[in-house]
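So the mapping is simple: the working numbering equals the position in the sequence shown, first residue as 1, plus 2.
Reviewing the structure listed below.
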Amino acid sequence: MAELTLENIKKECASCAKCPLAKTRTNLVFGVGNPQAKLMFIGEAPGEQEDLQGEPFVGAAGKLFDKYLAAVGIAREEVYIANILKCRPPKNRDPLPEEQDACIGHLRAQVKAIRPKMIVCLGRISAMRLIKPDFKITREHGQFVRKGSFDICAVYHPSALLRDAAKKDEMLADMIMIKQKYDAL
Ligand code: URA
């Protein structure tokens with residue numbers, strides 16, 4: 003077995019054919035940021051811009067997310083950002099359960115290599131996969147739970163905020179709380 007480094011995991015992802023999305027993607031969207039990050043953000047799957055640029059959260063939702071990071075004083079470079087899926091689902095449809103099953107091992111390997119102290123799920127799909135299957139984002143966003151060696155919570159997905167601006171205050175409150183917890187590590 004190759005040593006568990008992000009570089010080796012990325013190579014595995016690049017040659018992965020466990021689901022059909024590898025055939026339709028433009029670029030692998032592996033993840034970006036500090037390999038020793040204490041804080042990881044995990045979204046759902048690459049969209050169009052991410053697929054074109056090979057980096058998570060660089061489209062409209064990503065630009066909004068960057069504003070929240072800046073607003074609370076977290077540098078994008080100091081955290082690590084990844085997704086449940088590494089390849090774009092056609093037309094941005096929700097990831098299928100079998101695609102998530104096929105891809106989740108890559109994310110678990112990333113988490114093992116990075117060993118973050120805090121994980122923040124971006125949106126319902128990520129929270130349902132990483133926290134609990136019946137996670138209710140409107141009720142449970144911003145609530146940390148302990149899982150193994152890290153604390154994990156979920157916030158609204160930035161695309162949900164683009165659709166419903168009324169959620170933006172809650173998102174800012176969650177991000178402020180996350181930054182306070184992060185500062186206290
Ligand atoms: N939405 C996600 O969940 N992830 C991205 O990388 C972009 C949009």
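Each residue gets a CB set at the ideal place from its N, CA and C atoms; glycine is no exception.
The structure presented is a predicted model; accordingly, all values stated were derived computationally and were not measured.
Checklist entry - Does the ligand URA have a heavy atom nearer than 8 Å to the CB of V81? => result no
Next on the checklist: When you measure from the CB of G125 to every non-hydrogen atom of the ligand URA, does any distance come out below 8 Å?
Outcome noted: yes
Checklist entry - Any heavy atom of the ligand URA within a distance shorter than 8 Å of the CB on A162? => result no
Checklist entry - How long is the line joining the alpha carbons of Q51 and A111, rounded to whole angstroms? => result When rounded, the distance between both Cα atoms is 25 Å.
Item to check | Pair within 9 Å by beta-carbon distance, P160 and L109 | outcome: no
Item to check | For R131, three-class secondary structure by DSSP | outcome: Under the three-state reduction of DSSP, R131 is assigned to helix.
Checklist entry - Quick one: Cα of I127 to Cα of I133, how far? => result 10 Å
Checklist entry - alpha helix (DSSP H) containing Y158: first to last residue? => result It is not in any alpha helix (DSSP H) - Y158 carries neither H nor E in the DSSP assignment.
Next on the checklist: My assumption, with CB atoms under 8 Å, is that L174 sits in contact with Y70. Please give the rounded CB distance.
Outcome noted: 7 Å
Checklist entry - Going straight from the alpha carbon of E172 to that of I180, what length do you get? => result 12 Å
Checklist entry - Cβ-heavy atom distance between G45 and the ligand URA below 8 Å? => result yes
Item to check | Given R141 as reference, the closest of K169, R131, V31 and L6 once Cα atoms are compared | outcome: With distances taken between Cα atoms, R141 lies closest to K169.
Checklist entry - Is any heavy atom of the ligand URA found at a distance shorter than 8 Å from the C-beta of H143? => result no
Checklist entry - Is P58 near A24, with beta carbons less than 9 Å apart? => result No, the Cβ-Cβ distance between P58 and A24 is not below 9 Å.
Next on the checklist: Let's test the definition: count the other Cβ atoms within 10 Å of the Cβ of D191 and tell me whether it reaches 16, buried, or not, exposed.
Outcome noted: Nothing about residue 191 can be reported from this structure: the residues present for the chain run from 3 to 187 only.
Checklist entry - Can you give the Cα-Cα distance for K149 and I121, rounded to whole angstroms? => result 10 Å
Next on the checklist: Suppose the cutoff is 6 Å on Cβ atoms and the five residues either side in sequence are ignored; what does the same chain contact list for L187 look like?
Outcome noted: K40 and K119
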